[in-house]
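Visitor:
In my numbering, the protein residues as written are 273 to 462.
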C-alpha cells in the first residue's frame with residue numbers, strides 16, 4: 273500500500289518578512305546549526321509597545337462601556353447618580369466601577385491625584401482638566417483618539433474632542449492615576 277501526503281500552496285501568496293534579528297537565537301549544541309529564528313533579539317521595546325497597545329485597548333473598551341451606561345444622564349452640580357451628575361462625580365463613579373479605584377469627590381481634589389502627564393502623551397484613562405472662566409473647573413476622562421468623556425453642563429454625559437476650540441482654549445492639565453494593579457482582570461470583565 274502506498275500512502276501519499278502533501279501540502280499545496282499558491283505561488284501567489286504574499287510573503288511577510290520579519291526584521292533580520294526578529295527571531296535571532298543560536299543553538300550551539302546542534303551540528304550545522306545556524307541562527308535559528310526563535311525570539312526577538314531586542315524585543316523589550318516591541319513588547320512594551322504591545323503591552324501599552326493592549327492596555328489602551330482594554331481601558332478604552334471599558335470606558336466606552338461606562339459611557340453607554342451614563343450617556344444622556346443630565347448634568348447636575350453636586351449630582352452623583354443617573355438622575356443627574358457633575359463632572360467629578362462621573363469620574364469618581366467610572367473609576368470606582370471600572371478600575372476599583374476610589375478617587376476623591378471634587379475636581380479640586382482629583383487634580384492632585386496621580387502624576388502630571390503632557391497632553392501629547394495622553395493614554396485612555398488619563399484625567400483631563402480644564403479651567404474655564406468662572407469659579408468652577410471642569411474634568412473628564414480621556415478615552416483615546418483625541419476624545420474625552422465628561423458631564424457637560426449643557427448636554428449631560430457625552431464624548432467631546434480635545435481639539436475643539438473651546439476645550440483647547442481652557443485646557444489646564446492632565447493626570448495619570450491608573451497603575452497596572454488597577455487594570456488587573458480588566459480584560460476578563462469585558
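Heads up, the beta-carbon is just placed ideally off N, CA and C, and yes, glycines get one too. Keep in mind it's a predicted model, so treat the numbers as computed, not measured.
1) What is the DSSP secondary structure of residue 328, counted as helix, strand or coil?
2) By Cβ distance, which residues of its chain are closer than 7 Å to residue 326, with the 5 residues on each side in sequence left out?
3) Leaving out five residues on either side along the sequence, give the residues of the same chain with a beta carbon under 7 Å from the beta carbon of residue 389.
4) Take residue 329 as the anchor and find which of 395, 413 and 427 has the nearest alpha-carbon.
5) Looking at the strands, I want to know which residues DSSP matches up with residue 447.
6) Between residue 364 and the rest of its own chain, which residues show a CB-CB distance below 7 Å, the 5 nearest in sequence each way excluded?
7) Would you decide whether residue 419 is buried or exposed? Buried here means 16 or more other CB atoms lie within 10 Å of its CB.
8) Are there 16 or more other CB atoms within 10 angstroms of the CB of residue 410, so buried, or fewer, so exposed?
9) Per DSSP, what kind of secondary structure is residue 370 in: helix, strand or coil?
10) Please find out if some non-hydrogen atom of the ligand COA comes closer than 7 Å to the beta-carbon of residue 371.
11) Report yes if the C-beta distance between residue 331 and residue 429 is below 8 Å; otherwise report no.
12) Skipping 5 residues on each side, what residues in its chain have a beta carbon closer than 8 Å to that of residue 440?
13) Using a Cβ-Cβ cutoff of less than 7 Å, which residues in the same chain neighbour residue 358 once the five nearest sequence positions on both sides are dropped?
Guide: Short version:
1) helix
2) none
3) 398, 446, 447 and 448
4) 395
5) 388 and 399
6) 375 and 377
7) buried
8) buried
9) helix
10) As for the ligand COA, it is missing from this structure, which has no ligand bound.
11) no
12) 434
13) 347, 348, 349, 350, 351 and 423
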